[in-house]
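Residue numbers (our numbering): 2 to 397.
Quick look at the structure:
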């Protein structure tokens with residue numbers, strides 16, 4: 002098992018969560034279907050910015066990880082080992098099946114919830130009709146005491162495999178307010194969630210084709226337009242992630258370096274394990290968008306490429322695909338014909354639907370992981386679909 006190799010190297014990812022895990026179809030093959038077929042898929046982890054060796058944590062360190070999916074010992078700043086990652090992996094699958102993490106988060110600034118060392122209730126899993134054998138595996142994975150969790154990746158993988166053969170392909174119920182509107186867990190998908198950590202096996206130095214898209218500055222003068230700058234940044238990042246030849250840090254990893262705080266790009270590159278970063282600034286005035294983007298080498302701060310754009314909103318819809326392609330070419334990334342078409346695809350031709358989608362994304366990617374945020378996003382996506390029924394991203 003690939004995670005066992007990372008385990009042998011003593012690596013702990015420390016930030017496994019839904020936003021850092023992507024499934025995609027192999028080239029020329031169908032993806033997992035909504036009817037229960039697993040299809041042919043590969044798994045990509047897109048954020049290694051916090052990975053460290055086991056047992057190197059210092060008590061009281063500043064908490065940078067995503068709270069809702071972190072183990073109790075991680076929240077309290079204790080030394081970590083593989084069992085912290087297994088907790089996060091179990092919490093991610095729990096979230097996929099229920100639409101909420103096993104431990105409720107009242108505030109992203111909350112440092113220690115009262116139920117931190119209490120076993121999560123299985124009621125949310127039961128309400129979604131999760132088979133009892135799988136619920137038992139998840140309960141063990143998210144046990145507060147790490148001594149009660151699986152003690153290795155191989156052990157958790159074996160548990161997933163053993164229970165996955167005891168029921169037909171399980172189709173999660175469809176409900177409003179969850180980012181994954183229909184969850185399909187056929188035999189093998191649970192084990193695939195364990196296999197994803199094969200991507201821990203990375204070189205000590207940043208890869209040449211590694212990149213983080215840092216938060217863009219909102220120059221609009223109106224904080225209410227921040228969603229637009231965030232949405233454009235996120236869309237560029239999402240397109241770059243589709244390129245298998247690139248290592249891309251997730252938006253949550255990049256979010257640790259906000260646009261309104263001075264950045265030491267050499268330190269940013271070292272912390273995130275990337276050779277390059279994208280910085281940008283955006284100003285929106287009515288239906289006009291002014292955008293400046295730069296690709297920078299973190300070793301010496303050299304601008305590899307920079308460009309300013311002035312577009313009306315309708316034309317700006319295509320801009321992210323254009324930018325992602327230019328950035329990939331500047332890094333000499335190899336793109337298959339399918340990847341190139343996917344990266345440059347126009348999501349919608351309706352600018353109003355596009356703005357509604359970006360507003361919805363701000364709610365969906367909230368660090369609170371609250372059902373109310375997903376419900377707000379669902380309303381905005383529904384409005385976008387009403388304007389453009391073929392807007393696939395709003396349906397997703």
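Heads up, the beta-carbon is just placed ideally off N, CA and C, and yes, glycines get one too.
As the structure is a computational prediction, the values presented were derived from the model and not from experiment.
- Message: Just to confirm the assignment: which complete beta strand (DSSP E) runs, minimum length 3, are found wholly within the segment 319-378?
- Response: none
TODO: Identify, in the order they occur along the chain, each residue of the same chain with its Cβ nearer than 8 Å to the Cβ of residue 386, setting aside the five sequence neighbours on each side.
DONE: Position 385 of the chain shown, counted from the start, is the residue given in the question as residue 386. The answer, listed in chain order, is 354, 392, 395, 396.
### Task
Please name the residue, chosen from 104, 273, 246, that lies closest to residue 258 on a Cα-to-Cα basis.
Walking along the chain shown from the start, residue 258 turns up at place 257. The candidate whose alpha carbon is nearest that of residue 258 is 273.
Exercise for the section: Express the C-alpha separation of residue 97 and residue 201 in angstroms, rounding to a whole number. Expected result: Looking up residue 201 in the chain shown gives position 200. Looking up residue 97 in the chain shown gives position 96. Note that residue 201 scores a pLDDT of 42, beneath 50, so its modelled location is shaky and nothing firm can be said.
So, at 6 Å on beta carbons, what are the nonlocal neighbours of residue 95 in its own chain, with the 5 sequence-adjacent residues on each side left out? Stepping through the chain shown from its first residue, residue 95 is reached at position 94. Excluding sequence neighbours, residue 95 sits near 103, 139.
Buried or exposed: which applies to residue 268, given that a residue is buried once 16 or more other Cβ atoms fall within 10 Å of its Cβ? Taking the first residue of the chain shown as 1, we reach residue 268 at position 267. It is exposed - the Cβ of residue 268 has fewer than 16 other Cβ atoms within 10 Å.
| request: Tell me residue 213's beta-bridge partners as DSSP assigns them. | output: Here residue 213 refers to the residue found at position 212 when the chain shown is read from its first residue. DSSP output for residue 213 lists 278 as bridge partner(s).
Residues bridged to residue 310 [DSSP beta-bridge criterion]
Looking up residue 310 in the chain shown gives position 309. According to DSSP, which records beta bridges pairwise, residue 310 is partnered with 292.
Indicate the three-state DSSP secondary structure (helix, strand or coil) for residue 239 in the structure shown. Translated into the one-based positions of the chain shown, residue 239 becomes position 238. Here residue 239 sits in helix by DSSP.
Quiz item: By the 10 Å Cβ neighbour count, where 16 or more other Cβ atoms means buried, how is residue 373 classified, buried or exposed?
Solution: Numbered from 1 along the chain shown, position 372 holds the residue referred to as residue 373. Label assigned to residue 373: exposed.
Taking the straight line between their C-alpha atoms, what separation do you get for residue 189 and residue 367? The sequence position of residue 189 within the chain shown is 188, counting from 1. The sequence position of residue 367 within the chain shown is 366, counting from 1. Reliability fails at residue 189, whose pLDDT of 44 lies under 50, so the model's placement of it is uncertain and no value is given.
Next on the checklist: Please state whether the Cβ-Cβ distance between residue 18 and residue 68 is less than 7 Å.
Outcome noted: Stepping through the chain shown from its first residue, residue 18 is reached at position 17. Stepping through the chain shown from its first residue, residue 68 is reached at position 67. No, Cβ-Cβ distance for residue 18 and residue 68 is not below 7 Å.
task: Report the rounded CA-to-CA distance for residue 339 versus residue 250, giving the unit in angstroms.
output: As a first step, residue 339 is located in the chain shown; it is residue number 338 there, counting from the start. As a first step, residue 250 is located in the chain shown; it is residue number 249 there, counting from the start. When rounded, the distance between both Cα atoms is 22 Å.
Check your understanding: Considering only the beta carbon of each residue, do residue 278 and residue 299 sit closer than 7 Å?
Key -> Within the chain shown, numbered from 1, the residue matching residue 278 stands at position 277. Within the chain shown, numbered from 1, the residue matching residue 299 stands at position 298. Against a cut-off of 7 Å, the Cβ pair of residue 299 and residue 278 comes out as a contact.
**Request:** Using DSSP bridges, identify the partner residues of residue 283.
**Result:** Working through the chain shown from its first residue, we reach residue 283 at position 282. Answer is 219, 292, bridged to residue 283.
- Task: Identify whether residue 304 lies in helix, strand or coil by the three-state DSSP scheme.
- Result: Here residue 304 refers to the residue found at position 303 of the chain shown. If DSSP states are grouped into helix, strand and coil, residue 304 belongs with the strands.
Extent of the continuous alpha helix (DSSP H) to which residue 137 belongs: Taking the first residue of the chain shown as position 1, residue 137 is located at position 136. That run of the alpha helix (DSSP H) goes 133-142.
Just to confirm before moving on: does the CB-CB distance between residue 306 and residue 320 stay below 7 Å? Here residue 306 refers to the residue found at position 305 when the chain shown is read from its first residue. Here residue 320 refers to the residue found at position 319 when the chain shown is read from its first residue. Contact: no.
Nonlocal neighbours in the same chain, by C-beta distance under 6 Å from residue 383, ignoring five residues either side | Looking up residue 383 in the chain shown gives position 382. Excluding sequence neighbours, residue 383 sits near nothing in its chain.
Exercise. Going by beta carbon distance, what residues of the same chain come within less than 6 Å of residue 145, once the five residues before and after it are set aside?
Worked result: Locating residue 145 in the chain shown gives position 144, where the first residue counts as 1. So the qualifying residues of the chain are 73, 118.
Quick one: what's got a C-beta closer than 7 Å to residue 285's C-beta in the same chain, skipping five residues either side?
In the chain shown, counting from the first residue as 1, residue 285 sits at position 284. Once the five neighbours on either side are set aside, the close Cβ partners of residue 285 are 221, 226, 229.
Thinking C-beta only, is residue 252 closer than 7 Å to residue 235? For this step, residue 235 is matched to residue 234 along the chain shown. For this step, residue 252 is matched to residue 251 along the chain shown. Yes, these two residues count as a Cβ contact at 7 Å.
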